[in-house]
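J.:
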Amino acid sequence: MADYKNVSKLNSIDLSSPYIPTSVSLLKQACIDSGFFYVTNHGISEEFMDEVFAESKKFFELPLEEKMKLLRNEKHRGYTPVLDELLDPANQLHGDHKEGFYIGIELPEDDPEAQRTFYGPNLWPDSDILPGWRQTMEKYHQKALEVVKKIARLIALSLDLDANFFEKPEMLGKPIAVLRLLHYGVVGQVSDPLKGIYGAGAHSDYGLITLLATDSVSGLQICKDKDAEPRVWESVEPLKGAFVVNLGDMLERWSNCLFRSTLHRVLGNGQERYSIPYFVEPSHDCVVECLPTCHSKQNPPKFPPIKCETYLLQRYQETHADLSTYNKH
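Under this note's numbering, think of the first position of the sequence shown as 59, with each following residue one higher.
1) Tell me which residues share the same chain as C315 and place their Cβ nearer than 7 Å to its Cβ, disregarding the 5 neighbours each side in the sequence.
2) Using 8 Å as the threshold, is the segment 150-162 in touch with the segment 222-232, meaning 3 or more CB pairs across them?
3) Between T153 and C366, what straight-line distance do the alpha-carbon atoms span, to the nearest angstrom?
4) Drop a sphere of 10 angstroms on the beta-carbon of F106, count the other beta-carbons inside from all chains shown, and report buried for 16 or more, exposed for fewer.
5) I need the straight-line Cα distance from D220 to P76, nearest angstrom please.
6) Please go through the segment 324-370 and give each complete beta strand (DSSP E) segment of 3 or more residues, from N-terminal end onward.
7) Does C281 come out as helix, strand or coil in the three-state DSSP assignment?
8) Apart from the five residues just before and just after K125, which ones in its own chain have a Cβ nearer than 6 Å to its Cβ?
9) Touching or not, the segment 342-350 and the segment 291-307, by the rule of three or more beta carbon pairs under 8 Å?
10) Grouping DSSP H, G and I as helix and E and B as strand, with all else coil, what is T320?
11) If we call anything under 9 Å between Cβ atoms a contact, is D285 one with S319?
12) Can you look up R238 in the DSSP assignment and give me helix, strand or coil?
13) Reducing DSSP to helix, strand and coil, say where T175 ends up.
14) Taking E204 as part of the alpha helix (DSSP H), name the residues at either end of that continuous run.
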């Protein structure tokens, strides 16, 4: 059921708070309950966030022929048109009513690491058309990663691990991090779940942590129990100056299902809506295996160890017949 009045009451974590045990407790409760929470006082100014959203809007306001010159490539960088992505094939009439732009870790083509699946050079709009655009997005890419690392420290503590656990070189020392600019409601489209029309179909994220910046327009919903009939959806309302954070399937697997990766979707209400998810996973070669604090004789590991790159590619193949389609949010 889609109930816009059913608002989810998410915990809010103050990343500047000196009361670390309190922050860890609030975060752990949120991770067990739904894997969704807000973070405030994260270190990125509202002025800079306004600039990032303004630059995102400038790109989507370009003529379609200009955007299509930057169509997503085999490295999953660039523009994705409206209806290009289908996140919930079983329930969607056609693709998502959103357009997007992917920006990954920037590496020159002659860098040996650029040959890795999720690394390489980005596609960028011409600086004559959008001056300063690339610099703004690269700056945000770096700042967002620092916020994710702060959150990862609290997650590590909530799992009774060393605070620096996720900062090892094989983890967030060399992460796979993808920034996604999104624009919903391009033609004033109103979602209708009964007709299979969505801004973004129901899905859970594949990776470790997603950091989501949104404008003031509602639309994001979560379903805490994916097996319920009918599913009950709760709205996640925008909170001024805060990020919405959600955990991905990889962290659910890593924690032996102690922490949750929850289904979420976006319903359009006819208004334009802009959002900027930032998806972070560990390095390509990181082995994802049950954390030492998350299993016991009574609770053995539920999943075998797997390399991060292998896991991500498997998940994409499970979800999409065509690997060139890379769907997130």
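Cβ atoms here follow ideal geometry from the backbone N, Cα and C, with glycine treated the same way.
T.: So, from the data block:
1) The beta carbon of C315 sits closer than 7 Å to those of K360, all from its chain and outside the five residues before and after it, given in chain order.
2) Pairwise C-beta distances place the segment 150-162 out of contact with the segment 222-232, as fewer than three of them are shorter than 8 Å.
3) According to the sequence displayed, residue 153 carries Gly and not Thr. G153 and C366 have their alpha carbons spaced roughly 28 Å apart.
4) F106 comes out exposed.
5) Cα to Cα, the separation comes out at about 18 Å.
6) With a minimum length of 3 residues, the continuous beta strand (DSSP E) runs that stay inside the segment 324-370 are 331-339.
7) The three-state reading of DSSP puts C281 in strand, counting E and B together.
8) Same-chain partners within the cutoff: Y137.
9) These segments do not touch.
10) T320: coil per DSSP, three-state reduction.
11) Taking 9 Å as the Cβ cut-off, D285 and S319 do not qualify as a contacting pair.
12) Judged by DSSP in its simplified three-state form, R238 adopts strand.
13) Three-state DSSP puts T175 in coil, outside helix and strand.
14) Looking at the DSSP string, the run of the alpha helix (DSSP H) that includes E204 is W191 to S216.
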